[in-house]
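Top line first, the protein sequences correspond to chains G and E.
Okay, so the first sequence: first residue is 5 according to the numbering used here, each after it adds one.
Okay, so the second sequence: first residue is 5 according to the numbering used here, each after it adds one.
Glycine is no exception: its CB is placed at the ideal position from the N, C-alpha and C atoms.
Computed from a prediction, not measured in an experiment: that's the story for all the values here.
Protein chains: 2
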Amino acid sequence: MSVTYPLGFRAAGVAAGIKSSGKPDLALVVNDGPEPSCAVVFTQNRAQAHPIRWSRSVMAAGGTPRAVLLNSGGANCFTGDYGYETVELAAAAVAAEVRGIRATDVLVCSTGLIGSGGEEFRASVLGGVPLVSAALAADDTTAPAAILTTDSVTKTATHEGEGWRIGAMGKGAGMLAPGLATMLVVVTTDAVVPTAVLDRALRAAVASTFNRLDSDGCMSTNDQVTAFASGQSGVTPTEVEFTAGLLAVCDDLAEQLQVDAEGAGHNIHIMVEGAATEADAEEVGRALARNNLFKAAIAGEDPNWGRVLAAIGVTDASFDPYFVDVSFNGVRLCTAGGPDRPVSECDLSPKRTEVLIELHAGDATARIRTNDLTVDYVRENSAYAS
Amino acid sequence: MSVTYPLGFRAAGVAAGIKSSGKPDLALVVNDGPEPSCAVVFTQNRAQAHPIRWSRSVMAAGGTPRAVLLNSGGANCFTGDYGYETVELAAAAVAAEVRGIRATDVLVCSTGLIGSGGEEFRASVLGGVPLVSAALAADDTTAPAAILTTDSVTKTATHEGEGWRIGAMGKGAGMLAPGLATMLVVVTTDAVVPTAVLDRALRAAVASTFNRLDSDGCMSTNDQVTAFASGQSGVTPTEVEFTAGLLAVCDDLAEQLQVDAEGAGHNIHIMVEGAATEADAEEVGRALARNNLFKAAIAGEDPNWGRVLAAIGVTDASFDPYFVDVSFNGVRLCTAGGPDRPVSECDLSPKRTEVLIELHAGDATARIRTNDLTVDYVRENSAYAS
């Protein structure tokens, strides 16, 4: 169970022929609850796919979307006016099939090849809407598979509160991810959550989970995280309780996305401690997560602390490189910007790798998740157009 | 001929035993001219090697350095107080050997492994200074080879003005480069060039050449570009003439550095046109140069214009992604943010690859040089500690 784990939702996933493989490629999630609310976080990339542009306009209109249609097999990005019209037609098709839903209640998400979204794509999506609408069920298990691209497994997460639940499904290999890069997530809850609370909670959860998953520094044109509350449980958790639950679900999914990153050999957790501010800690961790020399070293199981210092030295964060300590998997190799133990005392063969950077500039911390840079990463991303 | 192509300079390169291979590893350049001046550009990385720290202090003292000692085989970076003392001792050793030179006239550059700079390193450097000083010659050809690390060829360039000359040598695979990343350059001229003019000209030349060579976004701890004028020719070119000559020499070296980048399959020239400002053009070009998905696509000879738009969409530069045109090797594949010709009409098999991005937001332009992301890049940088 994923998005229908909470009460008040129906979902389905079908094979609509968008993917030439014949695998499932179209999903629909509908919020039937008595007290609906919705919040969405979009990619920060200014190069935005048509479904993002549509969904943004839906949110900007100030209504309360009640459904989200998601397809894999085509990003519908940079496909001209025709591509945007396809989104409008798809939303209208959902409205025609699902009672009580208007076109402007329908968010749309797409993932796949940029530039893919022509006539065949439109025909498959529009032909699939009646199928997926007819398949909607309150105990659905088919939606998570229909949004996958190069993912090797489906990704779902749940949380149980006192009388309320959260369910979620996702696809991708990171907010900023290799290969077919898009991250799509749908989170549902049957708690009673006012729009403003849902929006705050979602932004907080995304900021410390998906936004700190930085597989390769490349931001997708199609990323979208959608949250719906149905209110069907009748329970109103406190904002703190609800945010904690949402955070746990998002963190769980972020971990699954990291582990499934294409071509990765190591899952790297960069822990930055002793920063002057949380923003500094994040900047330092992100600079390391995007440094190819560091990421290639981890692929070679080389605990190269010199590359860590060189990578973070380009940031504007407050610290003195000659005060910094660096540890790999719990073994401190660099103390105060100089060599400590021999690197041979550190074992980087485990797939999970932890790098601890102690800045000694304050009390703030952040964790950034990333992956190593491997031969397989290059192979997958040079052979496969996305 | 390189740094002794102009009059008033002596140089030499020797094997001092710093490299275990026994190859040349210590070079010295001395300015003997009657009207000496000097300008230096350092790495912007805050994680700085000891020779950078020393050379910065020499420049800050306001004197006119007359010599530069350069070693390969060890970066002397993050080697503790011992490493800094080694630099002081090396400068003093040069002063003891070369008539008329004080320790504070001696700039020092190092390149090699971070963390390498212990007792053996010091002994080799100090033992080598008398050797390299004795070998100094006004018609030297040995210095360029002594500063190489993983470079496959020596890099030199010359320029002839009206009665004056510029000579230069360099090492590295880009300012921000793969593998053993440091870029070291020494430029000499026998023109009469006041310090202020030399400094302005050098900063201008570096900004549009070496600083726009962005092989992998990783900035070294040891980069240093040193310029000396001897005044030996007695000719004073105009600032415009001199700057143009210096720019030509730096551009020539930058091209050589790009072509010799480790593990690269394609030399990519990113041309950004129609930007609102030059800073915007540079930001757009650099964002693309650092985008792994784009760089992996080029390795696979896939003219993936969607990845270009996705890569530049994360910048703050002024443009509308839906107005942008993208061409590969002269073939326009994307017009106004949508598909133009089929990608099959574009051939990316030539090693030299040109990507043209037309922003349609103004008249400013910039060119950024970079390389593709290849399996060999990952292999070299995961197997080889630097």
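Between the stretch 133-149 of chain E and the stretch 5-23 of chain E, the count of C-beta pairs closer than 8 angstroms reaches three or more; the two stretches touch. Inclusion of E:T108 and E:V62 in the CB contact set at 8 angstroms is warranted, their separation being smaller than that value. Residue contact check for G:V382 against chain E: a CB pair falls below 8 angstroms. Annotated three-state conformation of E:L377 is coil, per DSSP.
Taking the Cα positions, G:A150 is about 14 angstroms away from G:M187. Between G:C222 and E:N296 the beta-carbon gap is near 6 angstroms, inside 8 angstroms, which marks them as a contact. For the 8 angstroms CB-CB criterion, G:N35 and G:A71 form a contact.
Non-local beta-carbon contacts of G:A321 in its own chain, meaning distances under 6 angstroms to residues more than five positions away in sequence, involve D284, E287, V288 in chain order. Exclusion of the five residues before and after G:G269 leaves A303, D376, T378 as the residues of its chain whose Cβ lies within less than 6 angstroms of its Cβ. When CB distances to chain E are screened at a threshold of 7 angstroms, not a single residue of the stretch 268-284 of chain G falls below it.
Within its own chain, the residues whose Cβ lies closer than 7 angstroms to the Cβ of E:Y326, once the five positions on either side in sequence are excluded, are A340, G341, listed in chain order. Proximity of E:N375 to chain G, defined by a Cβ-Cβ separation below 8 angstroms, is not satisfied. Interface flag for G:P343 against chain E is set, since a Cβ pair is found closer than 8 angstroms. Taking a beta-carbon distance threshold of 8 angstroms, E:C113 does not count as an interface residue toward chain G. Relative to the Cα of G:S128, the nearest Cα in the group G:V45, G:K27, G:V330 belongs to G:K27.
The straight-line gap separating the alpha-carbon atoms of E:E349 and G:K23 is approximately 25 angstroms. Look at E:V102: its C-beta is not under 8 angstroms from any C-beta on chain G. The Cβ-Cβ distance between E:T90 and E:T115 does not fall below 8 angstroms.
A residue is called buried when at least 16 other Cβ atoms come within 10 angstroms of its Cβ; E:G104 does not meet this threshold and is exposed. Rounded to the nearest whole angstrom, the CA to CA distance from E:V382 to E:V335 is 30 angstroms. Not a single CB atom of chain E sits nearer than 8 angstroms to the CB of G:C350. In terms of CA proximity to G:F125, G:C81 leads the group G:R106, G:C81, G:S386, G:Q228. With its beta carbon at least 8 angstroms from every one in chain G, E:P28 lies outside the interface. DSSP lists G:F46, G:L188 as the bridge partner or partners of G:Q228.
CA-to-CA, the gap between G:G77 and E:L206 works out to about 51 angstroms.
Secondary-structure assignment with DSSP links G:C222 through no beta bridge to anything. By the Cβ-count criterion, G:G121 is buried, with 16 or more other Cβ atoms from all chains shown falling within 10 Å of its own Cβ. Using a CB distance below 7 angstroms, the part of the stretch 286-299 of chain G facing chain E consists of N295, N296, L297, ordered along the chain. For E:D220, the chain G residues whose C-beta falls within less than 8 angstroms of its own C-beta are N296, L297, listed in chain order. Of the candidates G:D29, G:D329, G:G174, G:G174 places its Cα closest to the Cα of G:L257. The shortest C-alpha to C-alpha distance from E:F232 to any of E:V44, E:K299, E:A31 is the one to E:V44.
Here E:V196 is not near E:G167, since their CB atoms are 8 angstroms or more apart.
Exclusion of the five residues before and after E:A53 leaves A79, N80, C81, S114, T225, N226 as the residues of its chain whose Cβ lies within less than 7 angstroms of its Cβ.
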